[in-house]
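S.K.:
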Amino acid sequence: RDIQKDLQSFFQNI
Amino acid sequence: MFEAKLQQGVIFKKIVDAIKDLVKSVNIDASTSGLSMQAMDSAHVALVSLKLNENGFKDYRCDRPITLGLSIENLSKILKCAGNDDTITLQTDEEEPSSLKFFFENQQASKISEFSLNLMSLDSESLGIPDTDYSSVIQMSSAEFSRICKELSSISETVEIETSKESVKFSVQGDIGAGSITVKNNQSDKDVDRVDLQIDQPVKLTFALRYLNMFNKAVSLSSTVSLNMSEENPLMVEYKIDDLGSLRFYLAPKISD
Chain B
354 RDIQKDLQSF FQNI
Chain S
680 MFEAKLQQGV IFKKIVDAIK DLVKSVNIDA STSGLSMQAM DSAHVALVSL
730 KLNENGFKDY RCDRPITLGL SIENLSKILK CAGNDDTITL QTDEEEPSSL
780 KFFFENQQAS KISEFSLNLM SLDSESLGIP DTDYSSVIQM SSAEFSRICK
830 ELSSISETVE IETSKESVKF SVQGDIGAGS ITVKNNQSDK DVDRVDLQID
880 QPVKLTFALR YLNMFNKAVS LSSTVSLNMS EENPLMVEYK IDDLGSLRFY
930 LAPKISD
């Protein structure tokens with residue numbers, strides 16, 4: 354099964 | 680005072696059409712260098728980033744930076760009133776504007792439309808996107824990439840993109856079966872066939888096709904698209920807008936547990 358990551362796992366909130 | 684006049688107003692219409700299924704409301708930041716916008720979809724899986732340089736406008740003036748909060752749905756309604764050959768001018772005199780003026784003029788300047796769109800105050804949830812030196816970059820026909828995504832999404836919701844020195848492979852696996860499309864480096868002089876691969880490191884990443892199909896609504900902005908990937912990184916899909924700037928989409932990958 355593939356799990357969809359979200360962007361906050363890669364980019365920091367600024 | 681802020682005023683931006685775009686000679687080819689149709690570009691602005693195409694940009695809004697390209698993002699209206701992905702994001703509902705956006706903050707456009709106007710500064711002396713031009714317009715920029717960054718917004719995520721509701722699931723925070725995809726992000727759109729628009730940059731339009733001031734020198735791509737027929738006239739551009741921005742005395743001090745301002746943020747314009749826009750509902751994409753309402754913006755679309757107003758832009759429907761602009762002809763494809765019209766110039767489009769955005770304008771406001773206020774420092775903290777509560778509305779944004781739009782002027783649409785036809786080529787003969789014989790028909791001038793004026794609209795005022797009420798602005799929204801949106802909390803800016805922007806992300807810091809590091810400048811990434813992508814290890815696999817694919818330049819190809821945007822129409823061809825759009826076609827591949829559409830065709831494969833009838834077999835599976837998920838596509839695996841695997842790059843190697845001489846080719847890129849799009850693979851799907853679904854209930855009905857499986858399939859793959861392999862595209863090789865092709866220095867053809869025909870745009871639709873040309874494929875440029877710059878592969879420093881091969882990658883193998885998995886993405887949801889429904890987002891790629893939404894990104895591909897930008898196909899009318901550029902005949903070529905670039906896919907930028909590095910392991911463990913979001914995919915960056917870029918449509919360059921001639922002489923004006925770029926529309927970029929970022930998509931977080933899917934990982935197998």
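Protein chains in written order, with the working numbering: chain B, 354 to 367; chain S, 680 to 936. Virtual Cβ for every residue (Gly too), placed ideally from N, Cα, C. Predicted, not measured: the structure shown is a model, and the values here were computed from it.
Grouping DSSP H, G and I as helix and E and B as strand, with all else coil, what is S:Met680?
M.R.: Of the three classes helix, strand and coil, the one that applies to S:Met680 here is coil, per DSSP.
S.K.: Can you give the beta carbon distance from S:Gly762 to S:Asn732, rounded, assuming they're within the 8 Å contact cut?
M.R.: Not a contact, Cβ separation roughly 25 Å.
S.K.: Tell me which residues share the same chain as S:Glu839 and place their Cβ nearer than 6 Å to its Cβ, disregarding the 5 neighbours each side in the sequence.
M.R.: So the list reads Ser850, Thr885, once near-sequence residues are dropped.
S.K.: Give the DSSP bridge partners of S:Gln866, in chain order.
M.R.: According to DSSP, S:Gln866 bridges with nothing at all.
S.K.: Within the 8 Å Cβ cut-off, does S:Leu726 reach chain D?
M.R.: Judged by its chain identifiers, the structure shown contains no chain D, and its protein chains are B and S.
S.K.: What first and last residue would you give for the alpha helix (DSSP H) that runs through S:Met893?
M.R.: 888-894
S.K.: Are there 16 or more other CB atoms within 10 angstroms of the CB of S:Val871, so buried, or fewer, so exposed?
M.R.: exposed
S.K.: Between which two residues does the alpha helix (DSSP H) carrying S:Asp696 extend?
M.R.: 688-698
S.K.: Starting from S:Lys790, follow the beta strand (DSSP E) in both directions and report where the run begins and ends.
M.R.: Note, S:Lys790: premise wrong, no beta strand (DSSP E); not H, not E.
S.K.: So what's S:Lys703 in DSSP terms, helix, strand or just coil?
M.R.: coil
S.K.: At a Cβ cut of 8 Å, what residues of the segment 795-825 of chain S count as close to chain B, listed as they run along the chain?
M.R.: Glu804, Ser805, Leu806, Gly807, Ile808, Pro809
S.K.: B:Gln365 and S:Ala931: beta carbons closer than 8 Å?
M.R.: no
S.K.: State the start and end residues of the unbroken alpha helix (DSSP H) segment that holds S:Cys828.
M.R.: 821-831
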